[in-house]
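Visitor: In numbering that gives the first Met the number 0, the protein residues as written are 0 to 328. Note that CB positions come from ideal geometry on N, CA and C, so glycine has one too.
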Amino acid sequence: MLIGAHVSPAGGPAKAVERGVERGCRAIQIFNQNPRAWKPRDYSDEEVAAFREAMDSSGVDALLIHAVYLLNCASDDEDIHAKSLRSLISSLRAGAALGAHAVVLHPGSAKTGDVGEAVARAGATIREALAESEGCPLHLENTAGAGGTLGRSFDELATLIDAAGGDARLGICLDSCHLLASGFDVRTPEGVAAVLEDCVAAVGLQRVGSLHLNDSQTPLGSNRDRHAAVGAGELGEAGCAAFLGDPHFDGLPCVLETPGPDGKGPDAEEIALAVALRERGRAARSCLPNRPALVSYTDTNPGPLPCAGHRPVVTSPLHRNLWAPPGAG
Numbered sequence: 000m001l002i003g004a005h006v007s008p009a010g011g012p013a014k015a016v017e018r019g020v021e022r023g024c025r026a027i028q029i030f031n032q033n034p035r036a037w038k039p040r041d042y043s044d045e046e047v048a049a050f051r052e053a054m055d056s057s058g059v060d061a062l063l064i065h066a067v068y069l070l071n072c073a074s075d076d077e078d079i080h081a082k083s084l085r086s087l088i089s090s091l092r093a094g095a096a097l098g099a100h101a102v103v104l105h106p107g108s109a110k111t112g113d114v115g116e117a118v119a120r121a122g123a124t125i126r127e128a129l130a131e132s133e134g135c136p137l138h139l140e141n142t143a144g145a146g147g148t149l150g151r152s153f154d155e156l157a158t159l160i161d162a163a164g165g166d167a168r169l170g171i172c173l174d175s176c177h178l179l180a181s182g183f184d185v186r187t188p189e190g191v192a193a194v195l196e197d198c199v200a201a202v203g204l205q206r207v208g209s210l211h212l213n214d215s216q217t218p219l220g221s222n223r224d225r226h227a228a229v230g231a232g233e234l235g236e237a238g239c240a241a242f243l244g245d246p247h248f249d250g251l252p253c254v255l256e257t258p259g260p261d262g263k264g265p266d267a268e269e270i271a272l273a274v275a276l277r278e279r280g281r282a283a284r285s286c287l288p289n290r291p292a293l294v295s296y297t298d299t300n301p302g303p304l305p306c307a308g309h310r311p312v313v314t315s316p317l318h319r320n321l322w323a324p325p326g327a328g
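Next comes the structure, spelled out in structure tokens:
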């Protein structure tokens, strides 16, 4: 598992790598544009080259790009729809240029409208964005279930993927806080296993391509998206360890989006705690009765394979890494 943090890209994406290194990250997540403004941007060749050089000399192995919060692929407002589409295409193209593991997207909201119609609109928007970009996967993030937000259940995520055409580039990003808030009890290894069985039945575990580790300020089933520091919320250290320790998540980037002690995001101490909790979770699972794997490990998250340099290369279309040399996977 590649544990890391959401970091600021101020000063360019290469600066985000530096901030990741300072925190001891193996994965980083950034916004490629202002998260609260409709200002899509493209990276210059110089910025891309500097980013790749920074990655090559670091211990950071994966980049996620988070689509901006304003974006609503399900909107029935023509202006919002057009801006959302442009923004998503911009993020996917940035992901392709930088060799990102994926772009992570909140699927959108029906607001007070019909959910089925909203899913159809979101699917059409996502399908068009994928058609207008190449290479970078898109991971739909499960939501806490507030209001008319889409993606609160695996069935709804499956419906969204189908509405978007079932493209091989489509995956899901599982957020631990959102799972708990939407009623999935992931506070024990058994609870995580049961949730993943639901995931297998609805979308298939091969679609799980990235993770967000966040504790929750609000209790199970609250439908409120309120992140807490790792171990300091309703999940607690035991719950975070259970989530991190599931072997089906091996090889995936796992990003913390917690407030941090100064309100500027996770620090090195919190990243180190997450790494320690993963080991604790793995040890706890080894003491449980043997349980058959939901799917073969190779088919799910093959993880790093030998390649030039230290970049992981994997064969699944959801886990391909654009740093790989041509033909490597």
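In three-state terms, what does DSSP make of Leu84?
Guide: If DSSP states are grouped into helix, strand and coil, Leu84 belongs with the helices.
Visitor: Just the Cα atoms here: how many angstroms apart are Val202 and Phe153?
Guide: Approximately 7 Å between the Cα atoms of the pair.
Visitor: Where Ala307 and Arg51 are concerned, what is the direct C-alpha to C-alpha distance, given to the nearest angstrom?
Guide: Confidence at Ala307 is low in this model, with a pLDDT of 26, below 50, so the placement of that residue is unreliable and no value is reported for it.
Visitor: According to the neighbour-count rule (16 or more other Cβ atoms, all chains shown, within 10 Å of its Cβ), is Gly146 buried or exposed?
Guide: Looking at its Cβ environment, which holds fewer than 16 other Cβ atoms inside 10 Å, Gly146 is exposed.
Visitor: Can you tell me which residues form a DSSP beta bridge with Val207?
Guide: According to DSSP, Val207 bridges with Ile171.
Visitor: What separation, rounded to the nearest whole angstrom, lies between the Cα atoms of Ala167 and Asp261?
Guide: When rounded, the distance between both Cα atoms is 39 Å.
Visitor: Examine the Cβ distances between the stretch 13-30 and the stretch 61-69 and report whether three or more of them are shorter than 8 Å.
Guide: Short answer: they touch.
Visitor: Given this structure, state the Cα-to-Cα distance separating Ser215 from Leu139, to the nearest angstrom.
Guide: Approximately 20 Å between the Cα atoms of the pair.
Visitor: Distance, Cα to Cα, Gly112 vs Gly122?
Guide: If I take the Cα positions, the gap works out to 16 Å.
Visitor: Our contact map puts Gly3 next to Ala49 with C-beta atoms below 8 Å; I'd like the distance itself, whole angstroms only.
Guide: With 8 Å as the limit, Gly3 and Ala49 do not qualify as a contact, their Cβ atoms being about 19 Å apart.
Visitor: By the DSSP assignment, the beta strand (DSSP E) with Leu255 in it spans what residues?
Guide: Note, Leu255: beta strand (DSSP E), Pro252 to Leu255.
Visitor: Buried or exposed for Ser7, please, with buried defined as at least 16 other CB atoms from any protein chain shown within 10 angstroms of its CB.
Guide: Ser7 is exposed by the Cβ-count criterion.
Visitor: First and last residue of the beta strand (DSSP E) that includes Val103?
Guide: That run of the beta strand (DSSP E) goes Ala101 to Leu104.
Visitor: How many angstroms separate the CA atom of Ser89 from the CA atom of Glu268?
Guide: Going by the C-alpha atoms only, they are around 33 Å apart.
Visitor: Kindly confirm or deny that the stretch 117-135 and the stretch 38-47 touch, where touching means at least three C-beta pairs closer than 8 Å.
Guide: No, the stretch 117-135 is not in contact with the stretch 38-47.
Visitor: Looking only at its chain, what residues have a beta carbon closer than 6 Å to the beta carbon of Thr142, apart from the 5 residues adjacent to it on each side?
Guide: Excluding sequence neighbours, Thr142 sits near Thr148, Gly150, Arg151 and His177.
Visitor: Tell me whether the beta-carbon of Val229 lies closer than 7 Å to the beta-carbon of Leu272.
Guide: Cβ distance < 7 Å, so Val229 and Leu272 count as in contact.
Visitor: Give a yes or no on whether the C-beta atoms belonging to Cys172 and Val103 are separated by under 7 Å.
Guide: Against a cut-off of 7 Å, the Cβ pair of Val103 and Cys172 comes out as a contact.
Visitor: Helix, strand or coil for Ala193, going by three-state DSSP, please let me know.
Guide: In this structure, Ala193 counts as helix in the three-state DSSP scheme.
Visitor: Buried or exposed: which applies to Arg206, given that a residue is buried once 16 or more other Cβ atoms fall within 10 Å of its Cβ?
Guide: Arg206 is buried by the Cβ-count criterion.
Visitor: Report the rounded CA-to-CA distance for Pro282 versus Pro252, giving the unit in angstroms.
Guide: Before going further, note that residue 282 is Ala rather than Pro in the sequence given. Whole-angstrom Cα-Cα distance: 20 Å.
Visitor: Grouping DSSP H, G and I as helix and E and B as strand, with all else coil, what is Asp184?
Guide: Three-state result, Asp184: coil.
Visitor: Looking only at its own chain, which residues have a Cβ that is under 7 Å from the Cβ of Asp298, when we skip the five neighbours before and after it?
Guide: Low per-residue confidence applies at Asp298: pLDDT is 39, beneath 50, and the placement is therefore not dependable, though the value from the model is reported in the following sentence. Contacts found: Gln205.
Visitor: Which residues in the same chain have their Cβ closer than 7 Å to the Cβ of Glu236, if we skip the five residues on either side of it in sequence?
Guide: Taken in chain order, the residues that qualify are Gly230 and Leu276.
Visitor: Any idea if Ser86 is buried or exposed, counting beta-carbon neighbours within 10 angstroms, 16 or more meaning buried?
Guide: Result: buried.
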